[in-house]
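Asker: Provided herewith is a single structure, encoded as structure tokens, for subsequent inquiry.
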Amino acid sequence: MTNDTAVKKWGIYAHIPYCVKKCTYCDFSSAAVRNDTRVEMADYAAALRAEILREVPPLRTRWGDAATVYIGGGTPTALPPAFLTDILENLRKTAGNPIECTVEANPGTVDEAYLTQIKAAGANRLSLGVQSFDDRLLRAIGRIHTAEEARAAFHAARAAGFTNVSLDLMYGLPTQTLGDLKRSVEEALALAPEHISVYGLIVEEGTPMAAAEAAGKLALPSEDAAEEMYDWLTEALPACGYHRYEISNFARPGFESRHNLGYWRNVPYLGVGAAAHGYVDGVRWRNEADTRAYIRGIREGCSVRTPEDAVRTRENAMEEYAFLALRTAEGIDAVDFARTFDAALEDIYGAVIEKYIIEGLLCRTSTHIALTPAGMKVGNEIFAAFLH
Ligand code: SF4
1 MTNDTAVKKW
11 GIYAHIPYCV
21 KKCTYCDFSS
31 AAVRNDTRVE
41 MADYAAALRA
51 EILREVPPLR
61 TRWGDAATVY
71 IGGGTPTALP
81 PAFLTDILEN
91 LRKTAGNPIE
101 CTVEANPGTV
111 DEAYLTQIKA
121 AGANRLSLGV
131 QSFDDRLLRA
141 IGRIHTAEEA
151 RAAFHAARAA
161 GFTNVSLDLM
171 YGLPTQTLGD
181 LKRSVEEALA
191 LAPEHISVYG
201 LIVEEGTPMA
211 AAEAAGKLAL
221 PSEDAAEEMY
231 DWLTEALPAC
241 GYHRYEISNF
251 ARPGFESRHN
261 LGYWRNVPYL
271 GVGAAAHGYV
281 DGVRWRNEAD
291 TRAYIRGIRE
301 GCSVRTPEDA
311 VRTRENAMEE
321 YAFLALRTAE
331 GIDAVDFART
341 FDAALEDIYG
351 AVIEKYIIEG
361 LLCRTSTHIA
371 LTPAGMKVGN
381 EIFAAFLH
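For what it's worth, our numbering labels the leading residue of the sequence shown as 1, then goes sequentially.
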């Protein structure tokens with residue numbers, strides 16, 4: 001329930017739906033690059049440019065410069081550098097100079113020259129999908145890079161001038177032990193990135209990994225072992241100076257991802273590109289996911305958006321506000337909730353809040369309601385309780 005006077009910042013997400021090769025666990029909207037994809041990539045970059053030129057200026061007129069830009073995927077760095085720099089430059093021209101401009105990169109696709117070009121085009125934060133520093137585990141999940149290439153990509157980022165680098169790591173991988181995870185985290189810490197994201201492996205339906213599991217060919221750690229990894233991570237990273245500001249995200253102070261915080265704080269964002277999600281004026285939408293249909297739609301000047309909710313009620317908006325904010329360490333800002341919905345948080349969710357405070361899963365400060373560390377472990381159960 002945003003209105004123009006209340007919006008002080010906004011973000012832009014641009015989706016690049018290509019990867020060098022699909023990882024076995026991945027169900028994101030992306031396709032492996034084939035020979036014919038090179039031609040499609042040029043058309044895609046042109047369509048993205050056209051969508052940016054069409055959609056960004058009206059929002060900039062209303063709200064001023066975008067605060068954040070995030071180019072994700074897929075693998076943005078699967079694009080030839082000229083395409084990615086063109087997208088970055090167009091975003092900068094149309095959206096102003098965002099405070100934070102993140103590009104996701106796969107370590108198997110970048111070198112110092114590539115990173116220097118995107119840095120010069122406006123990227124100032126790099127998110128490297130490392131996942132593990134163990135070659136055996138990287139192979140097991142179908143990553144295209146080695147641990148050595150991940151280290152090299154990190155050093156290349158520093159050499160290119162990136163002073164804000166995030167590493168993604170995964171736990172609960174096939175045959176992974178706590179010892180394996182500790183070694184990977186130690187390697188990550190030795191590089192001293194500004195930010196670390198950690199994700200537990202989820203075997204998504206329809207992926208090669210799900211097929212391997214169904215065939216009894218996947219040796220996942222037991223639930224207890226995965227929980228032990230989670231517990232270790234959530235203690236070890238803060239102890240090393242990375243505070244946990246969201247369920248899966250850890251940062252040195254001042255290096256939290258502003259863009260992602262925007263998602264959890266109900267900040268509007270424009271989504272551009274095939275399969276991109278957007279949220280403006282209280283409406284959520286998803287762009288056409290089929291890349292060719294997206295390109296055609298943009299060329300013909302058509303809308304490529306499908307609203308995510310047929311009917312979106314005030315109640316839906318409150319629920320979403322609450323469970324997104326609860327993902328963050330600071331939790332739900334009661335004053336902002338009241339301003340947004342013209343209703344007191346405690347009047348809407350008082351009983352749920354009380355129940356979980358008594359159980360030690362939520363805590364209350366003078367301004368916020370937040371998950372406790374024990375609450376973060378069972379976040380999904382608590383989020384569900386905030387749904388009417
Ligand atoms: S690189 Fe990322 S988006 Fe691409 S297939 Fe692997 S996990 Fe999915």
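No residue lacks a Cβ here, since even glycine has one placed at the ideal position from N, Cα and C.
Taking just the CA atoms, how far does L218 sit from I12?
Answerer: C-alpha separation (whole angstroms): 38 Å.
Asker: Quick check for students: name the residue ranges of the alpha helix (DSSP H) that lie wholly in the region 271 to 340, counting only runs of 4 or more.
Answerer: Runs found: 291 to 299 and 314 to 326.
Asker: Taking 8 Å as the threshold, find out whether the region 14 to 32 comes into contact with the region 242 to 254 through three or more Cβ pairs.
Answerer: Verdict: no, contact absent.
Asker: What are the boundary residues of the beta strand (DSSP E) that I71 is part of?
Answerer: First-last of the beta strand (DSSP E) with I71: T68 to G73.
Asker: Go to G179, then tell me how far its alpha helix (DSSP H) extends in each direction, as first and last residue.
Answerer: Segment L178 to L191, the alpha helix (DSSP H) holding G179.
Asker: Using a Cβ distance threshold of 8 Å, determine whether the region 199 to 216 contacts the region 149 to 163, with at least three qualifying pairs required.
Answerer: Contact fails: fewer than three Cβ-Cβ distances are below 8 Å.
Asker: Going by CA-CA distance only, name the one from A289, H368, G179 and I348 that's closest to D27.
Answerer: Looking at the Cα atoms, A289 is the closest of the given residues.
Asker: Could you tell me which residues DSSP pairs with C363 in its beta bridges?
Answerer: Paired residue(s): A370.
Asker: Let me confirm a value: A113 is counted as buried when at least 16 other C-beta atoms fall within 10 Å, else exposed. Which label applies?
Answerer: So A113 ends up on the exposed side.
Asker: Indicate, with yes or no, if the ligand SF4 has a heavy atom lying under 7 Å from the CB of S30.
Answerer: Answer for S30: yes, Cβ within range of the ligand SF4.
Asker: Quick one: is the Cβ of T75 within less than 7 Å of any heavy atom of the ligand SF4?
Answerer: For the ligand SF4, at least one heavy atom lies less than 7 Å from the Cβ of T75.
Asker: Report buried or exposed for A188, applying the criterion of at least 16 other Cβ atoms within 10 angstroms of its Cβ.
Answerer: So A188 ends up on the buried side.
Asker: To which residues does DSSP link L128 through a beta bridge?
Answerer: DSSP lists A105 and L167 as partners of L128.
Asker: Please tell me whether, using a cut-off of 7 Å, the distance from the CB of L273 to the nearest non-hydrogen atom of the ligand SF4 is below it.
Answerer: The question names Leu, but residue 273 in the sequence shown is Gly. Flag unset: Cβ of G273 not near the ligand SF4.
Asker: Would you be able to state if there are at least three C-beta pairs under 8 Å between the region 88 to 106 and the region 51 to 64?
Answerer: A contact exists between the region 51 to 64 and the region 88 to 106.
Asker: Bridge partners of N249, per DSSP?
Answerer: Looking at the DSSP assignment, N249 forms a beta bridge with S197 and E246.
Asker: Should the region 97 to 106 be called in touch with the region 44 to 55, which here means at least 3 C-beta pairs below 8 Å?
Answerer: With the cut-off at 8 Å, the region 97 to 106 and the region 44 to 55 do not touch.
Asker: Take the Cβ of Y34 as the centre, count every other Cβ of all protein chains shown within 10 Å, and call the residue buried at 16 or more, exposed below.
Answerer: Tyr is not the amino acid found at residue 34; the sequence shown has Arg there. Counting Cβ neighbours within 10 Å, R34 comes out exposed, since fewer than 16 surround it.
Asker: On the DSSP letters alone, give me the boundaries of the beta strand (DSSP E) that G350 sits inside.
Answerer: Premise fails: G350 lies in the alpha helix (DSSP H), L345 to I358, not in any beta strand (DSSP E).
Asker: Could you check whether the region 267 to 282 touches the region 223 to 234, counting it as contact only if at least three pairs of C-beta atoms, one from each stretch, sit closer than 8 Å?
Answerer: Counting Cβ pairs under 8 Å, fewer than three are found: no touch.
Asker: Who pairs with Y18 in a beta bridge, going by DSSP?
Answerer: Per DSSP, A31.
Asker: Helix, strand or coil, according to DSSP, for Y13 in the structure here?
Answerer: It is a strand residue.
Asker: Does the beta carbon of G200 fall short of 7 Å from some heavy atom of the ligand SF4?
Answerer: The answer is no for G200.
Asker: Should G172 be counted as a contact of the ligand SF4 given a C-beta to heavy atom distance under 7 Å?
Answerer: Not so, every heavy atom of the ligand SF4 lies at least 7 Å from the Cβ.
Asker: CA-CA distance, C363 and L79?
Answerer: Going by the C-alpha atoms only, they are around 45 Å apart.
Asker: Based on Cα-Cα distance, which residue from N380, L178, L233 and Q117 lies nearest to D168?
Answerer: Nearest of N380, L178, L233 and Q117 to D168, Cα basis: L233.
Asker: Out of A293, Y230 and W10, which one is the CA nearest neighbour of E40?
Answerer: Answer by Cα proximity: A293.
Asker: Buried or exposed, going by whether 16 or more other CB atoms sit within 10 Å of the CB of P221?
Answerer: Counting Cβ neighbours within 10 Å, P221 comes out buried, since at least 16 surround it.
Asker: How big is the Cα-Cα spacing for V283 and R312?
Answerer: So the two alpha carbons sit approximately 8 Å from each other.
Asker: Would you call the CB atoms of T175 and A140 closer than 8 Å?
Answerer: Contact flag set, yes.
Asker: Does V110 pass the burial test, meaning 16 or more other C-beta atoms within 10 Å, or should it be called exposed?
Answerer: With 16 or more Cβ atoms within 10 Å of its Cβ, V110 is classed as buried.
Asker: G206: beta carbon under 7 Å from a heavy atom of the ligand SF4?
Answerer: Flag unset: Cβ of G206 not near the ligand SF4.
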